[in-house]
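As structure tokens, the structure follows; a few thoughts come after it.
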Amino acid sequence: KELEEYFKGKSVAIIAPSPDLIDQNKGTEIDQYDIVCKVGEMFTINDPINYGQKCDVLFLGCFPNMEKQYGDNKSHNIENINKIKPTRIICPIKPCMPGILDVHKKDIWGHYNYLKKNMSHIKFNNIGLLSCDFDNTYKTRATLGSFAINFLLKQDLKKLGIYGFTWYKTSGYHPTYGQSKIGSHGFPHDIEIKGIKKEISNSNLEILLNDEVKNILNVIN
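In my numbering, the protein residues as written are 341 to 561.
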């Protein structure tokens, strides 16, 4: 209910770290939305001309010990998160629930609550159950970005703009994102793309798909 009220009647943009946005100069357009959402470790990207300056909501996995795999700049710690100055963090990861570990034995629920306790200036919300519903419906293990889009499609928005999502079909990550490895989660990305495409087609919202998003969705049957 808190999130329903927060998003109700707002124009919302959600931005992903695909390098396809580079040189599109969409920053001003993105920042004109009432609420700007970014996903994952986009605190590593300082490119307001193409990705916008604002970050009202950060959809974050709240993964502990990221630095062991990807380096300190990817760590979901207070210092890194504060770089992007979000006012709200939404964790859409399924095992962000008490007593459950993810497939890598990480305590996401514990790290989520650690961040929540130590970042009292930021609102925290957990939508893991809705993400479970998406995966169960489409028989996949989707990415954080797809969970975030699916959630926003369920809100009573004035408008939704979707930027920078290619689901690894044309590219991976922005050069400063700090990650080059593209994981499939064990399922083809086409499955979740088809799911998002169906959810968009069933939505009554006014939806703007930036060119790179539109191109990917159009080539998936």
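Even glycine gets a Cβ: it sits at the ideal position worked out from N, Cα and C.
Please read all numbers here as calculations on a predicted model, not as lab measurements.
Check: Based on the DSSP output, what are the partners of Ser415 in its beta bridges?; Outcome: Its beta-bridge partners do not exist; DSSP assigns none.
Check: What do you reckon, are the CB atoms on Cys377 and Ala488 nearer than 8 Å?; Outcome: yes
Check: Under 8 Å: do the segment 449-463 and the segment 506-517 share three or more Cβ pairs, one atom per stretch?; Outcome: no
Check: Which word fits Thr368, buried or exposed, when buried means at least 16 other C-beta atoms lie within 10 angstroms of its C-beta?; Outcome: exposed
Check: Quick one: which unbroken alpha helix (DSSP H) runs of 4-plus residues sit fully inside the segment 345-371? Chain order, please.; Outcome: 367-371
Check: Here's a check: name, in chain order, each residue in its chain whose Cβ is nearer than 8 Å to the Cβ of Asn458, leaving out the five neighbours to either side.; Outcome: Ile418
Check: Please go through the same chain and pick out, in chain order, the residues whose beta-carbon is closer than 6 Å to the beta-carbon of Thr516, but skip the five residues on each side of it.; Outcome: Thr384, Ile385
Check: Which whole-angstrom value describes the C-beta separation of Ile433 and Gly380, a residue pair presumed to lie in contact below a C-beta threshold of 8 Å?; Outcome: Contact doesn't hold; Cβ gap of about 11 Å is too wide.
Check: Along the alpha helix (DSSP H) that carries Asn558, what are the first and last residues, could you check?; Outcome: 551-559
Check: Would you mind sorting Glu552 into buried or exposed? The rule is 16 or more other CB atoms within 10 Å of its CB.; Outcome: buried
Check: Classify Cys472 as helix, strand or coil using the three-state DSSP reduction.; Outcome: helix
Check: Who are the near neighbours of Leu415 in its chain, counting only those whose CB is closer than 6 Å to its CB and skipping five residues on each side?; Outcome: The residue asked about is misnamed: residue 415 is Ser in this sequence, not Leu. Excluding sequence neighbours, Ser415 sits near Met406, Glu407.
Check: How many angstroms separate the CA atom of Ser541 from the CA atom of Ser471?; Outcome: 19 Å
Check: Considering only C-alpha positions, which residue in the set Ala356, Gly501, Asp530 is nearest to Tyr290?; Outcome: As shown, the chain starts at 341 and ends at 561. That puts residue 290 outside it, with no answer to give.
Check: Pro365: which of Gln393, Lys537, Thr506, Thr477 sits nearest, CA to CA?; Outcome: The sequence shown places Asn at residue 365, rather than the Pro named in the question. The option with the nearest alpha carbon to Asn365 is Gln393.
Check: On a Cα-Cα basis, can you pick out the residue from Pro404, Val443, Pro435, Thr427 that is closest to Asp473?; Outcome: Pro435
Check: Which of the three DSSP states, helix, strand or coil, is assigned to Ile375?; Outcome: strand
Check: Measure from the alpha carbon of Ile355 to the alpha carbon of each residue in Gly439, Leu492, Asn544, then state which is nearest.; Outcome: Leu492
Check: Going by beta-carbon coordinates alone, are Gly349 and Lys494 separated by less than 8 Å?; Outcome: no
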